[in-house]
Amino acid sequence: MTETPARTAGQAVGQVFDAVLRSIEGLSAQVVDLVGRAAARGERAGHEDLAPLRLEILGVLGAHAPLVTGTGFVAAPGLLADAPLWLEWWQTGEGGAPEPLIVDLDPAGHGFYDYTSRPWFTVPERTRGPNVHGPYVDYHGTDQYILTMSTPVLDGPEFLGITGADLYLRRVEKAVLPLLPPGAILVNSLGRVVISRSARHVTGALLRRLDVDAVDRAGVPVEVDGGGTLARCGELRLYLLTP
């Protein structure tokens with residue numbers, strides 16, 4: 001099949017995100033293993049059974065620095081015997097050293113963080129596939145514009161939670177902008193601009209008439225109304241619009 005600028009650039013952009021996706025899928029496999037070990041003992045896993053996961057989480061954080069600012073596992077409600085809700089999530093602190101993300105998981109607490117309603121959790125649970133959410137401001141973590149990638153942790157049909165990664169948008173821009181042709185725009189599945197090399201479109205703008213589903217149906221880049229080509233960028237639902 002003939003390579004087009006849209007396809008070539010889309011593949012290059014996809015490789016940036018797919019590399020992170022492979023790493024968090026590795027975390028998912030370890031979660032399944034750790035929960036399975038507890039089940040083999042005839043027990044439900046507790047949060048301490050996840051302790052071996054921390055070394056792998058720190059490895060992902062280091063391997064993808066500085067692009068990834070936080071990563072880890074978020075448990076499905078009721079998965080763990082001793083914690084109705086649980087995040088095994090680490091992020092890069094102000095001094096550059098990794099530190100655990102601490103949030104209020106008490107439903108009665110004033111600052112209760114109900115992650116079960118967040119799109120980065122609910123979409124993988126519903127679709128049983130990977131997702132990217134954003135850009136949005138991470139008010140419960142970094143107070144920066146970020147993208148959150150997530151993928152479901154599945155043990156057969158059972159949903160155990162998600163593994164994910166937070167990416168600073170400004171660092172994504174640094175990695176991705178050189179890969180974009182002049183005038184190109186990276187959008188998410190809603191048609192919202194993630195990164196742009198077009199003076200007419202800024203991050204966060206919504207391209208309402210953009211039919212990204214047409215790319216998924218076709219399986220190849222498609223021409224769009226008004227001119228330009230739309231191509232899928234890797235496994236996540238990110239799309240590159242090129243003039």
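In my numbering, the protein residues as written are 1 to 243. The beta carbon of each residue, even a glycine, is placed where N, CA and C say it ideally should be. Model, not experiment: these values are computed from the prediction.
Boundaries of the beta strand (DSSP E) around T92: 87-92. Contact between the region 39-48 and the region 174-182 is absent, with fewer than three C-beta pairs closer than 8 Å. By the CB criterion at 7 Å, P152 and R128 fall inside the cutoff. According to the DSSP assignment, L167 belongs to the beta strand (DSSP E) that extends over 158-168. Spanning the alpha carbons of I57 and R200 requires a straight line of approximately 39 Å.
Taking all protein chains in view, the Cβ of E88 is crowded by 16 or more other Cβ atoms within 10 Å, so the residue is classified as buried.
DSSP, read as helix, strand or coil, puts T203 in coil. In the three-state scheme derived from DSSP, where H, G and I count as helix and E and B as strand, A83 is classed as strand. Rounded to the nearest whole angstrom, the CA to CA distance from G70 to A97 is 12 Å.
In this structure, the beta-carbon distance from P77 to R171 does not fall below 7 Å. Excluding its 5 nearest sequence neighbours in each direction, C233 has C-beta neighbours in its own chain below 6 Å: G10, V13, G14, L240, listed in chain order. Minimum Cα-Cα distance from L169 among the listed residues D155, Y136, T163 corresponds to Y136. Nearest in C-alpha terms to R217, of all of R208, E94, G227, A231, is A231. Here the alpha carbons of M149 and P130 stand approximately 7 Å from one another. In the structure shown, S196 falls within a strand segment according to DSSP collapsed to helix, strand and coil. Non-local beta-carbon contacts of R208 in its own chain, meaning distances under 8 Å to residues more than five positions away in sequence, involve G191 in chain order. The straight-line gap separating the alpha-carbon atoms of V215 and L206 is approximately 18 Å. DSSP places I146 outside any alpha helix (DSSP H); the residue lies instead in the beta strand (DSSP E), whose first and last residues are 145-155. Your pair V176 and V16 checks out as a contact, with CB atoms roughly 6 Å apart and the cut at 8 Å.
Residue pairing by DSSP places L230 opposite V222, L241 in a beta bridge. Around the beta carbon of A29, fewer than 16 other beta carbons sit within 10 angstroms, so the residue counts as exposed. The three-state reading of DSSP puts V137 in strand, counting E and B together. Assignment of beta-bridge partners to I185 by DSSP yields S196, L241. A Cβ-Cβ separation of about 14 Å leaves F73 out of contact with L105 under the 8 Å criterion.
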